[in-house]
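In this note's numbering, the protein residues as written are -3 to 166.
Each residue gets a CB set at the ideal place from its N, CA and C atoms; glycine is no exception.
Written out below as structure tokens is the structure these notes cover.
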């Protein structure tokens, strides 16, 4: 498996296609965790928000430049702590992205893993999804799944708890 910093699929750096294996693997792990939890339909924007938030957590928590492979289960506690409600996840993502961007600037060329992670982060920050307003005054509307007050919420704020719950359910 390729890791961040490799320049081609064969390790020669001869201008061949660079495969973003670290990001694709992080996205695969996130997708599997969410599908196992069966929290949202895989075709929904909410699922995408959860997958991208979880994939960013998996990708950015890999400080050694080598995803855990078969040892994914050993990382679940780390991912749970990073996605917990009381943690400054958005600040952590911003800091890790800046750190990885600085490392990529010092290296020989663009990092395709970081480019995909950056695109996911931009989507999570810029996209807003209509979600139940959990801070609304109780008793304002009759209970029901699609009833009650709703607000536009940044996708990461909806996806992060979904990812956290998916890890719990795994």
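Contact set for residue 85: own chain, Cβ-Cβ below 7 Å, skip 5 residues either direction: Residue mapping note: residue 85 aligns to position 89 of the chain shown, counting from 1. Beyond the five residues adjoining it in sequence on each side, residue 85 comes within less than 7 Å, by CB distance, of 78, 79 and 156 in the same chain, given in chain order.
Residues sharing a beta bridge with residue 25, DSSP: In the chain shown, the residue the question calls residue 25 occupies position 29. BP columns for residue 25 are empty, so no partner.
Own chain residues within Cβ distance below 6 Å of residue 103, not counting five before or after: Counting from 1 along the chain shown, the entry for residue 103 is found at position 107. Excluding sequence neighbours, residue 103 sits near nothing in its chain.
Nearest-angstrom beta carbon gap, residue 56 and residue 92 [assumed within contact, 8 Å]: Taking the first residue of the chain shown as position 1, residue 92 is located at position 96. Taking the first residue of the chain shown as position 1, residue 56 is located at position 60. Right, the Cβ-Cβ distance comes to about 4 Å (below 8 Å), so this counts as a contact.
Beta-ladder partner(s) of residue 124, from DSSP: Position 128 of the chain shown, counting from 1, holds the residue named residue 124. 150, per the DSSP bridge assignment.
Reduced DSSP category for residue 101 - H, G, I as helix; E, B as strand; rest coil: Along the chain shown, one-based indexing puts residue 101 at 105. Helix, per DSSP.
Through-space distance from residue 110 to residue 94, alpha-carbon basis: Within the chain shown, the letter at position 98 stands for residue 94. Within the chain shown, the letter at position 114 stands for residue 110. Roughly 10 Å between the two C-alpha positions.
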